[in-house]
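Chemist: Heads up: the sequence shown runs through residues 1 to 154, numbered per the UniProt record's numbering.
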Amino acid sequence: MNPYEADPTKIPATDPYADVPLYGRYLPQENDFHPETCHIRSFTPEALSYWKSILERLDSSNLLYEDPSDDGRDIFALGRIIIKSSHMKHKMPVRQYSVSDQNELAATALVRDTLNRMGVEVPEILFLGKVSIALIGQKSLYYRINYAYAGDEF
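1) So, do the stretch 44-64 and the stretch 78-86 have three or more beta carbon pairs nearer to each other than 8 Å?
2) With distances taken Cα to Cα, identify the nearest neighbour of I83 among P28, P35 and L27.
3) What does a CB cutoff of less than 7 Å around Y65 pick up in its chain, not counting 5 residues either side in sequence?
4) Should Y17 go down as buried or exposed, given a rule of 16 or more other Cβ atoms within 10 Å for buried?
5) Alpha carbon to alpha carbon, how far is I125 from T108?
6) Measuring straight from C-alpha to C-alpha, what distance separates I133 and Y50?
7) So, are the CB atoms of A13 and Y26 less than 8 Å apart?
8) What is the residue span of the alpha helix (DSSP H) that I40 lies within?
9) At the level of alpha carbons, what is the spacing between S42 and F127?
10) Would you mind sorting P45 into buried or exposed? The rule is 16 or more other CB atoms within 10 Å of its CB.
11) Within its chain, find whatever has a CB closer than 6 Å to the CB of R112; leave out the 5 residues flanking it on each side and keep chain order.
12) Quick check on DSSP: helix, strand or coil for E124?
13) Can you tell me which of P68, S85 and M118 puts its alpha carbon nearest to the alpha carbon of D101?
14) With distance defined between alpha-carbon atoms, name the residue in K89, L48 and S53 nearest to P68.
15) For N62, collect the residues of the same chain with a Cβ closer than 7 Å to its Cβ; drop the 5 residues on either side in sequence, then sort them by chain order.
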C-alpha cells in the first residue's frame with residue numbers, strides 16, 4: 001500500500017495507523033470547513049467572536065494531539081484547518097507562546113518568496129491573536145491543507 005494514500009476507502013483495516021484519526025492522510029473534500037475570508041487577519045469584534053465560535057467547535061472528536069501537560073497546547077483538525085489551542089485545559093497555561101508565534105509569523109514572511117520560487121509552499125498566517133484563550137490561524141497550500149495555530153497572546 002502507498003504509505004501516503006489519503007483516501008480512507010483505500011486504506012486497509014490492517015494498516016498500523018488506520019485507527020489514528022487524520023494521521024497525515026488528509027483527503028480534501030468539497031464540504032470541508034473553510035474560514036470566512038472577511039475574518040482573516042481581522043480584529044473586529046465580529047471577527048473575534050467568529051474565531052471564538054471556531055474554538056467552541058473543537059472537542060475530543062477532532063483532537064489530533066493532546067499535550068500531556070496542562071501547560072501546553074492541544075492540536076485539533078477542523079476540515080482543512082489545524083488549530084493549536086489550550087482552550088480545553090483545566091487551568092490557564094503559564095507558558096506563553098506569543099514570542100514563538102511572532103517568530104513563526106516573521107519566519108514565514110521572510111522565506112515565502114524565496115521558497116515559493118523553488119516550488120515550496122509556505123504557510124500563510126490567517127489570524128494571530130487572543131480570543132478568550134487565543135487563536136492563530138494559518139493557511140498552507142502545501143498538500144492543499146490549511147493550518148491554524150492557537151497561541152496565548154498576540
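Every residue gets a Cβ at the ideal spot worked out from N, C-alpha and C, and that includes glycine. In this text, all values refer to a predicted model and were calculated from it rather than measured experimentally.
Modeler: For this structure:
1) Counting C-beta pairs with one atom in each stretch, the stretch 44-64 and the stretch 78-86 have three or more that are closer than 8 Å, which means they touch.
2) P35
3) Spatial neighbours of Y65 in its own chain (CB-CB distance under 7 Å, excluding positions within 5 residues in sequence) are listed in chain order as D74 and I75.
4) exposed
5) 8 Å
6) Note that I133 has pLDDT 47, beneath the 50 cutoff, so the model's placement of it is unreliable and the number below is only indicative. So the alpha carbons of these two residues sit roughly 13 Å apart.
7) Cβ atoms of A13 and Y26: not closer than 8 Å.
8) Where I40 is concerned, there is no enclosing alpha helix (DSSP H), given that its DSSP letter is neither H nor E.
9) Rounded to whole angstroms, the gap between the alpha carbons of S42 and F127 is 7 Å.
10) exposed
11) Excluding sequence neighbours, R112 sits near V122.
12) strand
13) S85
14) K89
15) F76, A77 and L78
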